[in-house]
Amino acid sequence: MSDGLLNRITPWVGRLIAINAVVLLLQQTLFPSEVLLDLVTFDPARALSRPWTFVTYMFVHGGFWHLALNMYTLYIFGPRVEHAWSAGEFTRFYLLCGLGGWFFHLLFARDSLLIGASGFYVLYLAGLSWKVIVGLAALAGAAAPMVWPLLRTYQ
């Protein structure tokens, strides 16, 4: 698959970008009240009384630049995952990474509110980094038989 095809926006990446943009538009025009934001933001202290916030927080952003950075990241990395997997697997991965972001938020920032799907990007990049590390280790292991004789000649 060529890089041009991999970088082209895919159906679920496009849908997720549109959903997030529409939510911010509604948030800033028809429903600018803090009451709505309070209803959809994940708050660890009220999580059990508002279970929908485990998912809704992923689609609410703190403003234009928060949305723009998250959606740009989704635009860059999302199509590669969606092309490699099916649309359903990508969507499940997106939601699971969002839930993983929620879990890490509980571990490390329990006293603050959570909005935005940044958890997806953090976990995706962590997975990508792990894949690169494993790939480099495999490459180093495969190259070792070729490199060791060269190193011994310089001893």
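The sequence shown begins at 844 in the working numbering and counts up one residue at a time. Cβ coordinates follow ideal geometry from the N, Cα and C atoms, glycine included. Computed from a predicted structure; not experimentally measured.
**Prompt:** Ends of the alpha helix (DSSP H) at V903?
**Reply:** That residue, V903, is in no alpha helix (DSSP H); it is neither H nor E in DSSP.
Can you have a look at G906 and say buried or exposed, based on whether 16 or more other CB atoms are within 10 angstroms of its CB? exposed
Query raised in the report: Just reading off the alpha helix (DSSP H) that R851 is part of, what are its end residues?
Result: Counting along the chain, R851 falls outside any alpha helix (DSSP H), and DSSP gives it neither H nor E.
For a test of the three-state rule: what should DSSP assign to F897, helix, strand or coil?
helix
### Message
Within a Cβ cutoff of 8 Å, which residues of the same chain sit near I862, ignoring the five residues on either side of it in sequence?
### Response
F902
What separation, rounded to the nearest whole angstrom, lies between the Cα atoms of G944 and I958?
10 Å
**OP:** Closer than 8 Å by C-beta to E925: which residues in its own chain qualify, once you throw out the five before and the five after it? Chain order, please.
**Re:** T853, P854, W855, V856 and F933
**Asked** Just the Cα atoms here: how many angstroms apart are W895 and D886?
**Response** 11 Å
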